[in-house]
Structure formats: structure tokens, C-alpha cells
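Engineer:
Number of protein chains: 2
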Amino acid sequence: MKRSKAETAQTRRRILDAAAQAFKSNGIQGTGVAEIMAAAGLTHGGFYRHFASKDQLVAEMCAVSMDIFVDAAGTAAGMSHESFLEYIEHTLSAEYRDDTLGGCPLVAMGSELVRADAATRRAASQGFEDIVNVIAKWMPFEDPSAARVDAIFTLVSMIGAVTMSRIIDNPELSNQILDVTKKRLASLRAKARSAAKQHPVSPPESSQRRIKQRPARPGSKIQSKRTSAKSANADD
Amino acid sequence: MKRSKAETAQTRRRILDAAAQAFKSNGIQGTGVAEIMAAAGLTHGGFYRHFASKDQLVAEMCAVSMDIFVDAAGTAAGMSHESFLEYIEHTLSAEYRDDTLGGCPLVAMGSELVRADAATRRAASQGFEDIVNVIAKWMPFEDPSAARVDAIFTLVSMIGAVTMSRIIDNPELSNQILDVTKKRLASLRAKARSAAKQHPVSPPESSQRRIKQRPARPGSKIQSKRTSAKSANADD
DNA sequence: GGATTTAGGTGATAATAGTCATCTAATTGG
DNA sequence: CCAATTAGATGACTATTATCACCTAAATCC
Chain A
26 MKRSKAETAQ TRRRILDAAA QAFKSNGIQG TGVAEIMAAA GLTHGGFYRH FASKDQLVAE
86 MCAVSMDIFV DAAGTAAGMS HESFLEYIEH TLSAEYRDDT LGGCPLVAMG SELVRADAAT
146 RRAASQGFED IVNVIAKWMP FEDPSAARVD AIFTLVSMIG AVTMSRIIDN PELSNQILDV
206 TKKRLASLRA KARSAAKQHP VSPPESSQRR IKQRPARPGS KIQSKRTSAK SANADD
Chain B
26 MKRSKAETAQ TRRRILDAAA QAFKSNGIQG TGVAEIMAAA GLTHGGFYRH FASKDQLVAE
86 MCAVSMDIFV DAAGTAAGMS HESFLEYIEH TLSAEYRDDT LGGCPLVAMG SELVRADAAT
146 RRAASQGFED IVNVIAKWMP FEDPSAARVD AIFTLVSMIG AVTMSRIIDN PELSNQILDV
206 TKKRLASLRA KARSAAKQHP VSPPESSQRR IKQRPARPGS KIQSKRTSAK SANADD
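Read top to bottom, the protein sequences are chains A and B.
The first sequence begins at 26 in the working numbering and counts up one residue at a time.
The second sequence begins at 26 in the working numbering and counts up one residue at a time.
This is the structure in C-alpha cells:
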């Protein structure tokens with residue numbers, strides 16, 4: 026039977042949340058539409074009242090899931106070295122590694138996203154950009170492009186580290202991967218900080234950018250303004 | 026009809042190679058047994074004369090494919106800074122990113138390997154260890170565990186970078202990811218080298234370890250001696 | 001060289017996949 | 001308050017899936 030508008034929106038959201046969990050823990054190809062609907066407390070038939078296809082669900086799930094992740098990072102993001110350490114400490118922790126339901130979609134379904142359709146890759150790419158911009162706020166460079174460079178490297182290292190730590194069946198090595206990455210990234214930022222101290226710089230606000238911008242609700246279309254990635258190389 | 030022993034072994038190898046290519050380009054769950062057999066020039070029925078299940082094929086494919094990758098890295102691995110630069114230059118190149126058929130299984134199917142069975146994860150873990158040991162040969166530390174730390178960080182960063190560069194739909198950003206990672210890893214090793222120069226050290230041969238050791242042919246059982254990963258933290 | 005073994009083809013199995021038609025009851029628009 | 005709309009359930013349809021039984025012809029073993 027028909028449901029109220031509020032209920033419908035709630036249901037749609039419930040499907041998206043169930044999809045996010047299922048996709049992250051069982052993979053995209055490993056999760057059926059019926060399974061997701063059941064997890065949302067529904068039967069399989071009603072699915073197509075909310076989404077035109079599984080692919081569309083995947084794309085929207087990716088957008089929503091990335092947004093959640095970006096927001097979480099964004100609220101944690103201060104300027105301080107300590108808040109940065111807290112962030113990598115959290116993201117590169119054993120608990121985070123073992124939490125296969127939550128966490129970043131780029132980690133949980135990275136190699137599947139490579140083969141995803143255009144809308145899904147767009148959402149994933151936008152999410153990546155967004156996280157880079159959040160992390161760049163931590164990087165104490167006068168030059169925004171230098172901060173961006175360090176942010177990109179920090180993010181890809183974290184993604185690689187968590188992914189590998191989940192694969193490795195030797196707990197000691199798995200832990201060591203997280204440990205090593207934590208320490209190296211911490212010292213990377215510390216180095217940037219001490220360099221910044223020697224050349225007293227303009228307030229770090231200057232390196233602030235758009236943190237996240239996506240149409241408040243992708244509805245049934247995922248489209249985000251393409252952000253032209255400046256290929257700025259600030260390096261040694 | 027029955028085939029000669031040599032032919033049978035050749036066929037088995039052909040299936041493994043076809044599986045490697047198919048899994049890398051379409052994912053594990055995205056590739057059917059029939060599809061692999063067809064790519065090997067066979068029909069689907071004969072599959073179970075060679076492998077007990079798809080899972081077993083996946084595990085062996087992972088072992089073989091990792092071995093190939095490790096061997097390729099191993100022959101390239103000299104002590105010189107230049108050969109290290111060549112290696113990351115190659116692995117973090119646009120051509121390597123766009124070659125979805127070849128390359129490292131950890132990149133091509135990373136998030137799927139997380140959910141793979143024990144034998145497959147074992148093969149992947151062993152492969153990871155092997156590559157770490159190859160890369161560690163490049164790291165000019167007196168302390169083997171320090172070399173290992175840098176090798177681990179280098180490897181996970183590369184894996185994360187190539188994976189993400191394959192997802193990102195913005196070519197400029199995708200290239201920048203590779204670029205940034207290349208430069209940061211090069212300077213990481215350069216720093217280690219200059220540090221090593223200041224404290225003249227014992228010959229780097231001392232940091233050499235077992236490069237790769239797996240039963241020459243896993244046959245129908247993947248088992249590799251577990252290498253206890255020393256959780257050595259040589260860091261700043 | 002005859003008996004046995006077996007690689008691989010053919011075909012069938014049962015399960016699961018994504019998608020859609022149809023029905024219903026209730027909400028919404030007027 | 002009646003008519004039009006529609007959220008969701010039921011059930012079906014078609015592909016595709018992993019797996020296996022069976023057959024055949026050739027290689028291997030004694």
C-alpha cells in the first residue's frame with residue numbers, strides 16, 4: 026500500500042544505508058538487490074519504486090557514503106597537529122580495520138569501484154577530492170598546492186594501508202602496516218610544520234578551499250561539478 | 026579424450042593465466058568459470074579435472090600471479106638509487122595504471138581479497154611479504170628492521186596510489202596522484218640514503234632476507250611457511 | 001598390447017541474479 | 001470526500017551461476 030511522503034523518504038534512506046553496509050561487507054557484486062531489501066525490512070519487488078537499477082543504487086550509495094565519511098573527517102579537522110594525529114590514529118587503528126560495515130567506501134570496495142559505471146566513479150572521485158581538501162587543511166604550508174600534494178599522498182597511503190591490513194592474514198604484520206603508516210604520515214606532517222615555522226607564513230586560512238559541495242540530494246542523478254584538479258607540484 | 030601429461034600441465038597453466046587476466050580486469054565475482062575456460066580455449070565442463078572449486082582456482086591464481094609480480098620486481102631490484110627510481114617510475118606510470126590485465130593482484134582485486142577464503146589470503150599475504158623483502162633491499166639502512174619499515178610504507182603507498190588513480194575519473198587528478206606518490210617515495214628513500222651516509226654502515230647485504238619461497242608448484246594446495254613478521258619499529 | 005585411467009566435451013542441475021507485471025491499500029490532490 | 005496516484009508485496013521470467021554425471025577417445029601402466 027502507498028506510504029506517506031515522509032515514510033517513503035525514510036524507506037529510501039533505509040535502503041541506501043542497508044546497501045552501504047552490505048556492499049562494504051560483501052562487495053558490490055557479492056550483494057543482491059533482494060538481500061539489501063530484506064536488510065531494510067522490505068521485499069525485493071518494491072526496489073524499483075526507489076531506484077531505476079542496481080547501478081543507480083550503487084552510485085547513490087557511493088555518494089551518500091562518501092559524504093558521511095567526509096563530514097566525519099571535516100568535523101574532526103582542526104588546524105592542530107594533535108587533531109591530525111588523532112585522525113590518523115583513528116583511521117589507522119585496529120578497530121577501524123576490523124569494522125567492515127562502516128568506514129570509507131574507497132577502502133571497502135576500491136578495486137570494484139575501478140570497474141563501476143561513470144556515475145559511481147564520479148561520486149567516488151568527488152568524495153576523494155573532498156577528503157583531500159579536508160586533510161589539506163591540516164597541512165601547514167603557505168602554498169595551497171603544497172598542502173594539496175601532502176594531502177593526496179597522505180590519503181592514498183592511508184587507503185592502501187587499511188586495505189592491505191585487511192587482507193594480510195598475519196595479525197602482527199597487519200598491525201605493523203598500520204603502525205608504520207601512522208608514524209610515517211605523522212612525521213611527514215611534522216616536517217612540513219617545522220619547515221613552515223622557519224618561513225613564517227600567511228595564516229593557514231589562505232589554504233582553505235571548498236570542503237564539500239554536492240547537490241544536497243543527488244536524487245536519481247549523480248552529478249557533481251567537476252573540480253579541475255590543479256596539477257601543482259610543490260615538492261623537493 | 027585424454028591428453029599427455031605435458032599437455033595437461035600446459036592446459037592447467039593456460040587456465041591459470043586466463044583466470045589471472047579475467048579476474049584482474051573483471052573482478053573475481055565478476056568472472057565465471059565458463060568464461061575463463063573459454064578464454065583458455067576449452068569448455069566449462071573440464072574445469073573440475075584441474076581444480077576442485079572456483080575458490081581453489083582463485084587461491085592458486087593469486088599465488089602464481091603474485092610470484093610473477095615478485096619475480097619481475099626481484100630482477101629489477103639492485104641496490105642503486107637509480108634502479109629504485111626506475112621501479113617506482115614504472116609502477117606509478119600511466120601505462121601501468123591503464124594496464125588492467127597485468128600488474129599486481131593486490132591492486133587489481135584488493136577489496137575482493139579482503140573477503141577471500143583463507144588459502145587465497147594466505148597467498149596474497151605471502152606475496153605481500155615477498156615484495157616487501159624485495160623493496161627492503163633498496164633501503165640503505167644498517168638495521169634490517171628499519172629497511173623493512175620503509176619498504177612496507179613504500180608498498181602500501183604504491184598500492185593505494187595505483188588503485189585510486191584507476192578509480193578517479195578526472196585524468197589530471199589521476200596523474201597527479203601517481204606523480205605525487207612517486208616524488209614522495211623517492212624523497213623518502215633519498216632521506217634514508219643521506220642518513221646512512223652520515224653513519225657509515227655495514228654492507229647492505231646484511232639486510233638481505235629470503236626473497237621468495239613458496240613450494241615451487243602449489244599443486245592443488247596452497248601452503249606457505251608462515252613468516253613471523255617481526256614487529257620492529259625503527260622510526261623517528 | 002590389453003586394461004585402466006583420465007582430459008576434456010556435452011548436457012543437466014539447482015541456486016541466484018536483476019528486472020518487471022500485477023495487485024493492494026492507502027495517501028494525496030483537488 | 002472522491003479520484004488519481006503510488007509504496008510495497010507477490011510472483012514470475014530470463015540469464016547466469018557453480019557444480020556434477022556421463023561419454024569418449026587417447027595416453028599411461030603393467
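All C-beta atoms, glycine included, are put in the ideal place defined by N, C-alpha and C.
In this text the structure is predicted, and so the values were computed from the model without any measurement.
Using the C-alpha atoms, what's the distance from residue 48 of chain A back to residue 200 of chain B?
Structural biologist: Position 175 of the second sequence, counted from the first residue, corresponds to residue 200 of chain B. Position 23 of the first sequence, counted from the first residue, corresponds to residue 48 of chain A. Distance between the alpha carbons of residue 200 of chain B and residue 48 of chain A is about 28 Å.
Engineer: Which term fits residue 124 of chain B, buried or exposed, when burial requires 16 or more other beta carbons within 10 angstroms of its beta carbon?
Structural biologist: Taking the first residue of the second sequence as 1, we reach residue 124 of chain B at position 99. Label assigned to residue 124 of chain B: exposed.
Engineer: Tell me the residue span of the alpha helix (DSSP H) that contains residue 180 of chain B.
Structural biologist: If you number the second sequence from 1, residue 180 of chain B lands on position 155. Segment 169–192, the alpha helix (DSSP H) holding residue 180 of chain B.
Engineer: Do we get a CB-CB distance below 9 Å when we pair residue 135 of chain B with the residues of chain A?
Structural biologist: Along the second sequence, read from residue 1 onward, the residue named residue 135 of chain B stands at position 110. Under the 9 Å criterion on CB atoms, residue 135 of chain B is classed as interfacial with respect to chain A.
Engineer: List the whole-angstrom C-beta distance separating residue 214 of chain A from residue 109 of chain A, where the pair is believed to meet the contact cut-off of C-beta under 8 Å.
Structural biologist: For the purposes of this step, residue 214 of chain A is taken as residue 189 along the first sequence, with counting starting at 1. For the purposes of this step, residue 109 of chain A is taken as residue 84 along the first sequence, with counting starting at 1. Residue 109 of chain A and residue 214 of chain A do touch by the CB rule: their CB atoms are close to 6 Å apart, below 8 Å.
Engineer: State buried or exposed for residue 81 of chain A, treating a residue as buried only when at least 16 other CB atoms are found within 10 Å of its CB.
Structural biologist: Reading the first sequence from its first residue, position 56 is the one you call residue 81 of chain A. It is buried - the Cβ of residue 81 of chain A has at least 16 other Cβ atoms within 10 Å.
Engineer: Could one say the Cβ of residue 85 of chain B lies closer than 9 Å to chain A's Cβ atoms, at least one of them?
Structural biologist: As a working note, residue 85 of chain B is residue 60 in the second sequence. No, residue 85 of chain B does not count as interfacial toward chain A.
Engineer: To which residues of the same chain is residue 141 of chain A closer than 7 Å at the C-beta, ignoring the five residues directly before and after it?
Structural biologist: By 1-based counting over the first sequence, the position of residue 141 of chain A is 116. Here the set comprises 83.
Engineer: When you compare each of A:195, A:133 and A:67 to residue 86 of chain A by their alpha carbons, which one comes out closest?
Structural biologist: Counting from one through the first sequence, the residue named residue 86 of chain A turns up at place 61. The shortest Cα separation from residue 86 of chain A among A:195, A:133 and A:67 belongs to A:133.
Engineer: Evaluate residue 75 of chain A with the Cβ neighbour count: other Cβ atoms within 10 Å of its Cβ, from every protein chain shown; 16 or more gives buried, anything less gives exposed.
Structural biologist: Within the first sequence, the letter at position 50 stands for residue 75 of chain A. Under a 10 Å Cβ-count criterion, residue 75 of chain A is classified as buried, with 16 or more other Cβ atoms of the shown protein chains found around its own Cβ.
Engineer: Please decide whether residue 158 of chain A counts as near chain B, where near means a Cβ-Cβ distance under 9 Å.
Structural biologist: If you number the first sequence from 1, residue 158 of chain A lands on position 133. No - not a single Cβ of chain B is within 9 Å of the one on residue 158 of chain A.
Engineer: With the cut-off set at 9 Å, would you say residue 206 of chain A and residue 117 of chain A are in Cβ contact?
Structural biologist: On the first sequence, position 181 is the one that residue 206 of chain A refers to. On the first sequence, position 92 is the one that residue 117 of chain A refers to. Cβ distance < 9 Å, so residue 206 of chain A and residue 117 of chain A count as in contact.
Engineer: Are the CB atoms of residue 217 of chain B and residue 161 of chain B within a distance shorter than 9 Å?
Structural biologist: Within the second sequence, numbered from 1, the residue matching residue 161 of chain B stands at position 136. Within the second sequence, numbered from 1, the residue matching residue 217 of chain B stands at position 192. Cβ distance not < 9 Å, so residue 161 of chain B and residue 217 of chain B don't count as in contact.
Engineer: For the alpha helix (DSSP H) containing residue 18 of chain B, name the first residue and the last one.
Structural biologist: In this structure chain B extends from 26 to 261, so residue 18 of chain B is not present and cannot be described.
Engineer: Under 9 Å, Cβ to Cβ, is there at least one residue of chain A near residue 27 of chain B?
Structural biologist: For this step, residue 27 of chain B is matched to residue 2 along the second sequence. With 9 Å as the cut-off, residue 27 of chain B does not count as an interface residue toward chain A.
Engineer: I'd like to know whether the C-beta of residue 182 of chain A is nearer than 9 Å to at least one C-beta of chain B.
Structural biologist: As a working note, residue 182 of chain A is residue 157 in the first sequence. Yes, residue 182 of chain A lies at the interface with chain B (some Cβ there is under 9 Å from its Cβ).
Engineer: How about residue 154 of chain B and residue 41 of chain A: do their beta carbons lie closer than 9 Å?
Structural biologist: Working through the second sequence from its first residue, we reach residue 154 of chain B at position 129. Working through the first sequence from its first residue, we reach residue 41 of chain A at position 16. Contact: no.
Engineer: If the cut is a Cβ gap below 7 Å, which residues of chain A does residue 81 of chain B touch?
Structural biologist: Here residue 81 of chain B refers to the residue found at position 56 of the second sequence. Within chain A, no residue comes near residue 81 of chain B; the closest Cβ sits about 17 Å away, beyond 7 Å.
Engineer: For chain B, find out if any of its Cβ atoms is closer than 9 Å to the Cβ of residue 54 of chain A; answer yes or no.
Structural biologist: Walking along the first sequence from the start, residue 54 of chain A turns up at place 29. By this cut-off, residue 54 of chain A is an interface position.
Engineer: Does DSSP classify residue 66 of chain A as helix, strand or coil?
Structural biologist: Taking the first residue of the first sequence as position 1, residue 66 of chain A is located at position 41. If DSSP states are grouped into helix, strand and coil, residue 66 of chain A belongs with coil.
Engineer: Run through the stretch 66–105 of chain B for me and flag every whole alpha helix (DSSP H) of 4 or more residues, listed as ranges in chain order.
Structural biologist: 79–101
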